[in-house]
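Scroll down for the structure; my scribbles are underneath it.
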Amino acid sequence: MSHSDSSQSESENVETAYVDQCYGDKTVNKPDRLSALPDHLLLHIFSSFQMKDVIITGVLSKRWRLLWTSAHNLCFSHSLESNRDVTEFIKSIDDTLILSNPSKLKKFSIEFLYRNNQFLDHVNRWMIFVTIKSVEGLDLNLMRGSKEGYSLPQLMYSNVRLHKLKLSNCKSDAGFQRGL
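What the sequence shown shows, in our numbering, is residues 363 to 542, in sequence order.
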């Protein structure tokens, strides 16, 4: 089946949804064009969002409820100004990765304050996940919270699809640098 055939059949399976739009005291029922888009286009749109925002879209539509689990870009950020506890943030990443099942992973981005290897086991599990999913781009911004940075595990060196690597507060083996 050609790409246009699959897109066509995918959009045929989508029921046209309608939304009520208010204009002053008049309500008009119009087709919901966003919900009519095929999944691959919605996932492309989602790729520019932070993961927490992608997951929230699930409340907008029954069809979208689990669509986020196929997202090709997984981006997580915890700022220093955030009221959210870092431990809660780490748990939310773990929970997301348990449910996430993209056919391929284009980008994986993490940003948070990395303190004294406190979350070493979690970060190692994330690196196993991205290696298994053959991530194409990895942005690991472990903001400096300790003198010693995170050491990339050896298994990362085996990912032949990795073509973009951005590291902050991380150490890599010289063999990895030769492998890129």
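A virtual CB, placed ideally from N, CA and C, is assigned to each residue, including glycine.
Contact check, residue i vs residue j, beta carbons under 9 Å
| i | j | result |
| --- | --- | --- |
| residue 414 | residue 454 | yes |
| residue 436 | residue 458 | yes |
| residue 432 | residue 463 | yes |
| residue 491 | residue 474 | no |
| residue 471 | residue 502 | yes |
Cβ separation of residue i and residue j, assumed to be a contact under 8 Å, to the nearest whole Å
| i | j | result |
| --- | --- | --- |
| residue 429 | residue 404 | 6 Å |
| residue 434 | residue 468 | 4 Å |
Residue i classed as buried or exposed, judged by whether at least 16 other C-beta atoms fall within 10 angstroms
| i | result |
| --- | --- |
| residue 525 | exposed |
| residue 421 | exposed |
Own chain partners of residue i with C-beta closer than 8 Å, once the 5 adjacent residues on each side are dropped
| i | result |
| --- | --- |
| residue 511 | 476, 504, 531, 532 and 533 |
| residue 493 | 517, 518, 520 and 521 |
| residue 497 | 467, 468, 469, 470, 521, 523 and 524 |
7 Å CB neighbourhood of residue i in its chain, flanking five on each side removed
| i | result |
| --- | --- |
| residue 506 | 531 |
Separation of residue j from residue i, as counted between CA atoms
| i | j | result |
| --- | --- | --- |
| residue 528 | residue 401 | 29 Å |
| residue 499 | residue 406 | 16 Å |
| residue 448 | residue 478 | 14 Å |
| residue 417 | residue 520 | 30 Å |
| residue 395 | residue 480 | 46 Å |
| residue 488 | residue 397 | 32 Å |
| residue 486 | residue 516 | 10 Å |
| residue 465 | residue 446 | 31 Å |
| residue 410 | residue 438 | 12 Å |
Check: residue i C-beta below 8 Å from any heavy atom of the ligand GDP
| i | result |
| --- | --- |
| residue 517 | With respect to the ligand GDP, the structure shown offers nothing to examine, as it has no ligands at all. |
Same chain, Cβ closer than 6 Å to residue i, neighbours up to 5 away in sequence not counted
| i | result |
| --- | --- |
| residue 484 | 452 |
| residue 408 | 416 and 433 |
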